[in-house]
Structure formats: C-alpha cells, structure tokens
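Our numbering numbers the first residue of the sequence shown as 116 and each following residue consecutively. Here is the structure we will look at.
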Amino acid sequence: MEYAIDFEANNAKFQKEGFPGQQPLRPSKHVAIVSCMDARLDMHKALGVAIGEANLIQNAGGRTTEALRSLVVSQQLLGTKEIHVIHHTGCGMLIFTNTELRNKIKQDLGTSAADAAGAVDFLPFPDVDQSVRDDVKFLKDSPLIMDVPIQGWVYQIEDGKIRKVD
Ligand SMILES: [Zn+2]
Numbered sequence: 116m117e118y119a120i121d122f123e124a125n126n127a128k129f130q131k132e133g134f135p136g137q138q139p140l141r142p143s144k145h146v147a148i149v150s151c152m153d154a155r156l157d158m159h160k161a162l163g164v165a166i167g168e169a170n171l172i173q174n175a176g177g178r179t180t181e182a183l184r185s186l187v188v189s190q191q192l193l194g195t196k197e198i199h200v201i202h203h204t205g206c207g208m209l210i211f212t213n214t215e216l217r218n219k220i221k222q223d224l225g226t227s228a229a230d231a232a233g234a235v236d237f238l239p240f241p242d243v244d245q246s247v248r249d250d251v252k253f254l255k256d257s258p259l260i261m262d263v264p265i266q267g268w269v270y271q272i273e274d275g276k277i278r279k280v281d
C-alpha cells in the first residue's frame, strides 16, 4: 500500500537536521494545552512553545471531556501546573450535529454502527466562545483536575491571532 506521505524518507532528514535531542519526560514549562486536531493548526509555532515545554493534547474540537484522561496523566505523573483550552474559528465541530453525523454513519457503515454511534456524543458545538467556557468549567468542576490556573482561548483560523475567553 502506498501511503500519502513518505514518513521514512522525511524522518531520515529529520533525524539529521531536526531532531531536538533527548528531552526530559516532564514538560519543562509545566504547561498542558488542549486544542483541536485541525490540520491547519500548529500550536507550538502559534504559541511559541518549544519541544519539551508542554503537553499538547489534541482531539476533534479540543474538547476537555475527551481530554480528561490525558490531563489527569499530565498533572499527576508529568507535573503540569496550568491548563490552556484553545478552540478555533472555522472548526469542523461547528458544522454538524450529533443527529446528522449519526445519520451519515448509518448510511456509510450500516445499522449496527448506527446503534453504536447512538451511544457516542461527538461533542459538536454551535458557538466557539461558549464551547471554550463550557470546557473550562468542566475542568474547574472536575474532582479529577487539580486547582490550577485554567485559561480559555479562541484561535482565529483567518489570521492566526489568539484571544482570551473569560
Ligand atoms: Zn477544529
């Protein structure tokens, strides 16, 4: 099978020219970031975060309910002491509802898949600022998350600017 990107060739170049050297396991700036998996985002570059400085947790939408497991590991085992939740404009999560996605799954994958999808909340949202507020609140209310600073942000896909959401 031919894959889209030649990882082995690219990696050989990376090993020679880009490998940052061995780093400690624990992020040196003690920062955890939750953001979207959107292919247009480069949170390290956008925020000036170097390799080794932060745990970057990415999923569809940057939802903290899904990131909870990783955040607990990040805090308890990797020593992070602040959390940033960054959603973005133009997010794929703004353009569907659970019902629409479940209907598509039924069409594409059949009835048993549709039954399984009925139990999954795909966590779409209609308002990016509100989703950030909801996800920050979820973490602040969670008994599994330590009492640390938690900041919400929106990244503007149109121009790369971030803004705080309070
Ligand atoms: Zn997104």
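Using N, Cα and C, we set each Cβ at its ideal position, and we do this for glycine too.
For a test of your reading of the model: does the CB of HIS159 fall under 7 angstroms from any non-hydrogen atom of ligand 1? Yes or no.
Working through the sequence shown from its first residue, we reach residue 159 at position 44. For ligand 1, not one heavy atom lies less than 7 angstroms from the Cβ of HIS159.
Can you list, in chain order, the residues of its chain with a C-beta nearer than 6 angstroms to that of ILE277? Leave out the 5 residues immediately preceding and following it.
For this step, residue 277 is matched to residue 162 along the sequence shown. Cβ neighbours of ILE277 beyond the five flanking positions: TRP268, TYR270.
First and last residue of the uninterrupted alpha helix (DSSP H) at ASP159:
Here the question's residue 159 lines up with position 44 in the sequence shown. Just to set this straight, residue 159 is His in the shown sequence, not Asp. Counting along the chain, the alpha helix (DSSP H) containing HIS159 begins and ends at 158–162.
Just mark SER143 as buried or exposed, buried being the case when its beta carbon has 16 or more other beta carbons within 10 Å.
One-based indexing of the sequence shown puts residue 143 at position 28. Per the 10 Å Cβ criterion, exposed.
To the nearest angstrom, how far is it from the Cα of GLN130 to the Cα of ASN213?
By one-based count along the sequence shown, residue 130 stands at place 15. By one-based count along the sequence shown, residue 213 stands at place 98. Spanning the two alpha carbons is a distance of roughly 42 angstroms.
With three or more C-beta pairs closer than 8 angstroms as the rule, is the stretch 143–152 touching the stretch 197–207?
Because the criterion of three Cβ pairs below 8 angstroms is met, the stretch 197–207 and the stretch 143–152 touch.
Separation of PRO135 from LYS128, as counted between CA atoms
For the purposes of this step, residue 128 is taken as residue 13 along the sequence shown, with counting starting at 1. For the purposes of this step, residue 135 is taken as residue 20 along the sequence shown, with counting starting at 1. Approximately 13 angstroms, taken between the alpha carbons.
Can you give me the C-alpha to C-alpha distance between GLY207 and SER150, rounded to a whole angstrom?
Residue 207 sits at position 92 when you count from the first residue of the sequence shown. Residue 150 sits at position 35 when you count from the first residue of the sequence shown. Rounded to the nearest angstrom, the two C-alpha atoms are 13 angstroms apart.
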